[in-house]
Amino acid sequence: CAVPPELEAAAAPVLSLRLRTAMKAFDEVHDEMMREAEAESAKAEAEAAANQLQREKQRKNPSESSGKEQVDAATEETAAEPEEDDEPPPQKVLLREDLKKIQSTLKSSGAASFYSDSAPALLVSLHAPLAKIRERCNQLLEEFEQHPALLNFRRMLDRITNFPLADTTPMTVLTALEMLLDRSTPWETVAHRGVTLQPVLGPVKKFIVALRVRQLKEWRTLRQSRELYWRRKGSVWWFHCLQVAAGAGGRETTDTTAAVTDELLRFVRMAPIAEFDLRVHMLTALGSLADTLAGAPGAPPPWMGQVARNLGAFCQIWMPTVQKIV
1 CAVPPELEAA AAPVLSLRLR TAMKAFDEVH DEMMREAEAE SAKAEAEAAA
51 NQLQREKQRK NPSESSGKEQ VDAATEETAA EPEEDDEPPP QKVLLREDLK
101 KIQSTLKSSG AASFYSDSAP ALLVSLHAPL AKIRERCNQL LEEFEQHPAL
151 LNFRRMLDRI TNFPLADTTP MTVLTALEML LDRSTPWETV AHRGVTLQPV
201 LGPVKKFIVA LRVRQLKEWR TLRQSRELYW RRKGSVWWFH CLQVAAGAGG
251 RETTDTTAAV TDELLRFVRM APIAEFDLRV HMLTALGSLA DTLAGAPGAP
301 PPWMGQVARN LGAFCQIWMP TVQKIV
């Protein structure tokens with residue numbers, strides 16, 4: 001449809017302004033592109049002139065040029081060579097590797113604890129049984145190619161033999177060996193006496209039983225060591241008891257007695273399970289100390305000993321429950 005003359009006349013100034021703005025922007029972009037092209041051309045001409053000058057110098061002084069080339073080549077070779085100070089990262093010793101070289105250094109029973117982060121002396125004896133299991137499994141796979149039960153069993157065996165000896169806990173190996181026995185069940189269900197894995201799995205079963213016995217045997221030692229740790233850690237709270245006794249004041253009032261009782265009772269109730277017994281004994285010791293120092297300068301008030309002893313006797317009713325939890 002045709003544009004009305006009135007609308008065309010009104011829009012002409014706006015269109016003219018937009019056209020002039022667009023043409024101005026185009027000219028600016030064109031000028032910028034031309035300047036960049038001239039700069040690149042000047043740079044290329046300067047590089048060509050420098051190369052030409054370098055070639056003329058080489059023709060005049062060939063010995064100097066060859067010496068410089070030798071220096072550049074030596075520099076490149078030096079940069080390409082690895083630094084002698086860079087040591088390769090230490091390689092992890094896996095359970096499937098030959099451990100005869102390090103077996104003599106791992107005979108100390110003190111270095112093998114079931115609850116430690118790693119126990120190489122405890123796990124090194126697995127190398128021979130696992131090697132025999134692998135050998136027998138490979139023989140069976142030659143006779144029964146691609147048998148799914150044997151392939152599943154060997155995958156679990158490969159996982160165990162790839163355990164790093166110094167970074168694997170005995171609990172991890174114990175769990176993996178039990179899973180290995182579970183993987184052997186489908187094959188043993190259908191295998192006859194001539195193709196069974198039981199002869200080579202016998203040492204692994206004994207090893208699992210020995211580890212379970214060791215786990216139960218060392219649990220008592222682990223518990224005792226942790227209890228001693230928490231007792232040593234909780235002994236610093238004795239100064240808190242002394243601070244509460246020192247801030248009790250000299251006169252026995254209902255408010256003061258209630259405040260001290262609440263604070264000491266909170267002190268016991270907020271204790272970790274392993275420190276509960278220790279804090280109850282601290283209350284008894286605080287009562288005895290207050291009685292012993294009665295009347296001395298700076299000593300706790302006389303009524304403090306009776307409050308601490310009564311609280312210690314009261315907290316004894318929780319001891320059977322705490323002992324069951326521990």
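The numbering used here numbers the first residue of the sequence shown as 1 and each following residue consecutively. C-beta atoms are modelled at their ideal positions from N, C-alpha and C, and glycine is treated no differently. Since this is a predicted model, take the numbers as computed values, not measurements.
- Message: Can you give me the C-alpha to C-alpha distance between T169 and F114, rounded to a whole angstrom?
- Response: What you label residue 169 is simply residue 169 of the sequence shown in a count that begins at 1. What you label residue 114 is simply residue 114 of the sequence shown in a count that begins at 1. Cα atoms of T169 and F114: separation of roughly 8 Å, rounded to the nearest angstrom.
- May I ask you to report which of helix, strand or coil DSSP gives P302? The residue labelled residue 302 in the question sits at position 302 within the sequence shown. Note: P302 maps to helix in three-state DSSP.
- Query: Is P203 helix, strand or coil by DSSP?
  - Reply: Position 203 of the sequence shown holds residue 203. Of the three classes helix, strand and coil, the one that applies to P203 here is helix, per DSSP.
- Query: Would you call the CB atoms of G295 and A308 closer than 8 Å?
  - Reply: Walking along the sequence shown from the start, residue 295 turns up at place 295. Walking along the sequence shown from the start, residue 308 turns up at place 308. No, they are not a contact pair.
- Task: Kindly indicate which residue of I273, A290, T284 and R134 has the alpha-carbon position closest to the one of R226.
- Result: Taking the first residue of the sequence shown as 1, we reach residue 226 at position 226. Residue I273 is the option with its Cα nearest to R226.
- Please name the residue in T189, N162 and A166 whose C-alpha comes closest to that of G176. Residue numbering aside, residue 176 sits at position 176 when the sequence shown is read from its first letter. The question names Gly, yet the displayed sequence has Ala at residue 176. Of T189, N162 and A166, the residue nearest in Cα terms is N162.
- Nearest to M282 by CA position, among T292, L264 and Q139, is which residue? In the sequence shown, residue 282 corresponds to position 282, counting from 1. The residue among T292, L264 and Q139 with its C-alpha nearest the C-alpha of M282 is L264.
- Task: Can you give me the Cβ contacts of L181 inside the same chain, cut-off strictly under 8 Å, excluding the 5 residues immediately before and after it?
- Result: One-based indexing of the sequence shown puts residue 181 at position 181. Excluding positions up to five away in sequence, the list reads L201, V204, K205 and I208.
- At least three beta-carbon pairs within less than 8 Å, the segment 151-160 to the segment 128-137: Output reads yes: the segment 128-137 touches the segment 151-160.
- Query: In angstroms, rounded to a whole number, what distance separates the CA positions of P199 and A166?
  - Reply: Residue numbering aside, residue 199 sits at position 199 when the sequence shown is read from its first letter. Residue numbering aside, residue 166 sits at position 166 when the sequence shown is read from its first letter. Across the structure, P199 and A166 are spaced so that their CA atoms are roughly 29 Å apart.
- Message: When you compare the CB positions of E188 and L197, do they come within less than 8 Å of one another, or not?
- Response: Within the sequence shown, numbered from 1, the residue matching residue 188 stands at position 188. Within the sequence shown, numbered from 1, the residue matching residue 197 stands at position 197. Yes; because the gap between Cβ atoms is below 8 Å, this pair is in contact.
- Can you give me the Cβ contacts of S184 inside the same chain, cut-off strictly under 7 Å, excluding the 5 residues immediately before and after it? As a position in the sequence shown, residue 184 is number 184, starting the count at 1. Excluding the 5 residues flanking it on each side, S184 has same chain C-beta neighbours closer than 7 Å at F153, L197 and L201, in chain order.
- Message: Which same chain residues end up closer than 6 Å to P186 when comparing Cβ atoms and leaving out the 5 residues on each side of it in sequence?
- Response: For the purposes of this step, residue 186 is taken as residue 186 along the sequence shown, with counting starting at 1. Within the same chain, Cβ atoms closer than 6 Å to the Cβ of P186 are found at A149, the five residues on either side in sequence being excluded.
- Query: Is the segment 137-148 touching the segment 210-219 in the sense that three or more CB pairs, one from each, lie closer than 8 Å?
  - Reply: By the Cβ test, the segment 210-219 is not in contact with the segment 137-148, since fewer than three Cβ pairs between them sit closer than 8 Å.
- Name the two residues that bound the continuous alpha helix (DSSP H) containing M327. Shown here, the chain extends from 1 to 326; a query on residue 327 therefore has no answer.
- Message: Please report the straight-line C-alpha distance between P300 and A121, rounded to a whole angstrom.
- Response: Residue 300 sits at position 300 when you count from the first residue of the sequence shown. Residue 121 sits at position 121 when you count from the first residue of the sequence shown. One C-alpha to the other measures close to 56 Å.
- Message: Please give the ranges of any alpha helix (DSSP H) in the segment 201-268, keeping only runs that are unbroken, at least 4 residues long and fully inside the region.
- Response: List check, alpha helix (DSSP H) in window: 238-246.
- Message: Distance check for A271 and T261, CA to CA, integer angstroms please.
- Response: Position 261 of the sequence shown, counted from the start, is the residue given in the question as residue 261. Position 271 of the sequence shown, counted from the start, is the residue given in the question as residue 271. One C-alpha to the other measures close to 16 Å.
- Cβ neighbour criterion (16 or more within 10 Å) applied to G194: On the sequence shown, residue 194 is found 194 positions in, with the first residue counted as 1. Answer is exposed; the Cβ neighbour count stays below 16.
- Query: Which residue's Cα is closest to the Cα of R232: G247, R269 and D277?
  - Reply: As a first step, residue 232 is located in the sequence shown; it is residue number 232 there, counting from the start. R232 has its Cα closest to that of D277, out of G247, R269 and D277.
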